[in-house]
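Residues 102 to 433 in the working numbering are what the sequence shown lists, from first letter to last. Ideal placement from N, C-alpha and C gives every residue a C-beta, glycine not left out. From a predicted model like this one, the values you see are computed outputs, not experimental measurements. See below for the structure under consideration.
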Amino acid sequence: MTAMAAAVAAFIITAVAGKPLSGWLDKKGLSRTAIEKKEEGFSPGMRAVPEMGGLLYLLGLIASGLLAMLVMVFTGAGEAFSAETETAKMLAVIVCTGLIGAVGLMDDWRRARRLDSMNPLLRLVIVFAVCFAFLAAVRLSGDRSSILMIPFAGIQLDVGQGWTVIMLVMLVGAAMGGDRMRASSGQCASVALVCALGCGGVFAVFSRMGACALAFGSAGALLGLVLFVLPPEKLREGSGGAMAGCVLPVMAAIAGGAPLFILPAAIPFIFEGIYAIIKVACQAAGSGKLSADSLGQWLMDRGISGKAVTGGYAVLSLLGCVLAVAGSYLYL
Numbered sequence: 102m103t104a105m106a107a108a109v110a111a112f113i114i115t116a117v118a119g120k121p122l123s124g125w126l127d128k129k130g131l132s133r134t135a136i137e138k139k140e141e142g143f144s145p146g147m148r149a150v151p152e153m154g155g156l157l158y159l160l161g162l163i164a165s166g167l168l169a170m171l172v173m174v175f176t177g178a179g180e181a182f183s184a185e186t187e188t189a190k191m192l193a194v195i196v197c198t199g200l201i202g203a204v205g206l207m208d209d210w211r212r213a214r215r216l217d218s219m220n221p222l223l224r225l226v227i228v229f230a231v232c233f234a235f236l237a238a239v240r241l242s243g244d245r246s247s248i249l250m251i252p253f254a255g256i257q258l259d260v261g262q263g264w265t266v267i268m269l270v271m272l273v274g275a276a277m278g279g280d281r282m283r284a285s286s287g288q289c290a291s292v293a294l295v296c297a298l299g300c301g302g303v304f305a306v307f308s309r310m311g312a313c314a315l316a317f318g319s320a321g322a323l324l325g326l327v328l329f330v331l332p333p334e335k336l337r338e339g340s341g342g343a344m345a346g347c348v349l350p351v352m353a354a355i356a357g358g359a360p361l362f363i364l365p366a367a368i369p370f371i372f373e374g375i376y377a378i379i380k381v382a383c384q385a386a387g388s389g390k391l392s393a394d395s396l397g398q399w400l401m402d403r404g405i406s407g408k409a410v411t412g413g414y415a416v417l418s419l420l421g422c423v424l425a426v427a428g429s430y431l432y433l
């Protein structure tokens, strides 16, 4: 019930508050018309779509997360861990997701004013620092396990200090990959929605109510955003919402103690993120071998249509979602 309440609350808050906030963003010059530049062109019906839709998404998510925390603190019903531990983890997820989103929102703000984007290496360093801080917060909350549960295999693997490295790759990849997917297809939120629902299903099985509430809250906020604020045909998420929407399910997975179970649904983000990291490393080394901004763009440069790239990401995430939930049931 905690998870469902979070999802419903996030959906209502985002749907009701989204329209007025969308208009406010437009008045502040953060709509589509403010960022038209270079060869980018938009149809008249898309000109008033905010590029900073991540603000709308975070509004619903934070409110629903706080609601879920209150429910857990006062009831603690069915928690695998104490309500205090779950609440601490949930708070860490919300704060660090907000910080990741803020990195992208800064780029949105700069684009709206026709300024250059943040230095890619600097952005990668900031994202890395936030992800590392999140993992430290999870450890400080009392979860010091270095065991990874392997989907379908039915085994547990103690990876020792390698746990931090594996989690960092997943988190940084999801954050950077979300932004790159936005750049290549403009339909990132639809894939993030699938990932969030898969994450919610995993933790419904494992009864990790804190992570489950965040995952379903994430899905509710994205659904409210897509259905009532930014219809799919007008959807073009800014960097802030894309980065936050993609990294949150992975953070929730780590906080819930079953990160590898959501991995299949998050693979498109992480592949894009790894490409982004390699590209930044090549630029820092003075190599121009990777000219495409994203893996999706690299595929399109080789003759694959944008719809095929977007559809492929969505199908991969949907199949990954099914595998994630099925793996959870089979494990138990």
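Residue pairing by DSSP places Met-250 opposite Gln-257 in a beta bridge. C-alpha of Gly-278 to C-alpha of Ala-354: approximately 17 Å in a straight line. Contact between the segment 371-380 and the segment 308-318 is absent: fewer than three C-beta pairs spanning the two stretches fall below 8 Å. Here the alpha carbon of Gly-321 sits roughly 5 Å from the alpha carbon of Ala-111.
Cys-347 is the residue among Cys-347, Asp-259 and Thr-115 whose C-alpha sits nearest the C-alpha of Val-273. Only residues of its own chain outside the window of five on either side were considered, and among them Phe-304, Arg-309 and Ala-312 have a CB closer than 6 Å to the CB of Gly-357, listed in chain order. In the structure shown, Gln-398 adopts helical secondary structure according to DSSP, grouped into three states. The C-alpha of Met-401 lies about 28 Å from the C-alpha of Ala-425.
In the structure shown, the three-state DSSP call for Arg-211 is helix. In this structure, Leu-200 keeps its C-beta atom at 8 Å or more from the C-beta atom of Ile-378. For the set Glu-185, Ile-163, Val-351 and Leu-269, the Cα lying nearest the Cα of Ala-237 is the one of Leu-269. At the C-beta level, Gly-428 and Phe-362 come within 8 Å of one another.
Non-local C-beta neighbours of Ala-385 in its own chain, meaning closer than 8 Å and more than five positions away in sequence, comprise Leu-222, ordered along the chain. Note that the C-beta distance between Met-271 and Val-351 is below 8 Å. Of the residues assessed, Ala-230 falls on the exposed side of the cut-off, its CB having fewer than 16 other CB atoms within 10 angstroms.
For Gln-262, no alpha helix (DSSP H) segment is defined, and its DSSP state is neither H nor E.
Distances from the CA of Ala-108 to each of Leu-323, Asp-394, Ser-340 and Tyr-376 were compared; the closest alpha carbon is that of Leu-323. In this model, Ala-193 and Gly-302 are separated by some 21 Å (Cα to Cα). Minimum Cα-Cα distance from Lys-380 among the listed residues Leu-364, Ala-366, Trp-399 and Leu-206 corresponds to Trp-399. For Ala-367 and Trp-125, the gap between their C-alpha atoms comes out near 33 Å. Gly-202 and Phe-235 have their C-alpha atoms roughly 14 Å apart. With a beta-carbon spacing of about 6 Å, Val-260 and Ser-247 fall inside the 8 Å limit used to define contacts. Per DSSP, Arg-403 is not a residue of any alpha helix (DSSP H), being assigned neither H nor E.
Remark: C-beta atoms of Ser-392 and Leu-349 do not approach each other more closely than 8 Å. Leu-419 is the residue among Ala-106, Ala-118, Ala-116 and Leu-419 whose C-alpha sits nearest the C-alpha of Ala-297. Ranked by Cα distance from Pro-360, the options Gly-412, Trp-210, Leu-396 and Pro-252 are led by Pro-252.
If you draw a straight line from the Cα of Cys-232 to the Cα of Ala-415, it comes to about 25 Å.
Under the DSSP assignment, Gly-321 falls in the alpha helix (DSSP H) whose first and last residues are 310-325.
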